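Chemist: Please see the structure below; I have some questions.
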Amino acid sequence: MKIFSERLLELRRERGLSQATVARDLSVSLGIVCYWERNKSDPTASNIAKLARYFNVSSDFLLGLAE
224 MKIFSERLLE LRRERGLSQA TVARDLSVSL GIVCYWERNK SDPTASNIAK LARYFNVSSD
284 FLLGLAE
């Protein structure tokens, strides 16, 4: 999901957050956040929901289904 990777990276950088901070706040590993941003791994539905709440965006936005 290339669009997901791009949007996650954009949201994180806009807020000035490190990958480590996002990983800690979401209770996931730093490696998985890195993999998501590099489009090496797709997040689970529950992690998409966590990310949407964390960044205050819709899951549709994260998935590229809405602007």
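Number 251 in my numbering belongs to position 28 of the sequence shown; there are no gaps in the numbering.
Virtual Cβ for every residue (Gly too), placed ideally from N, Cα, C.
Values in this document were obtained by computation on a predicted structure and should not be read as measured data.
Go ahead and pull the three-state DSSP assignment for R238.
Modeler: Here R238 sits in coil by DSSP.
Chemist: Within 10 Å of its beta-carbon, does L288 have 16 or more other beta-carbons around it, so buried, or fewer, so exposed?
Modeler: So L288 counts as exposed.
Chemist: I'd like the span of the alpha helix (DSSP H) that includes S269, first residue to last.
Modeler: Where S269 is concerned, the enclosing alpha helix (DSSP H) stretches over A268 to F278.
Chemist: With C-beta atoms as the reference, is L274 less than 8 Å away from I226?
Modeler: In this structure, I226 does not lie closer than 8 Å to L274 by Cβ.
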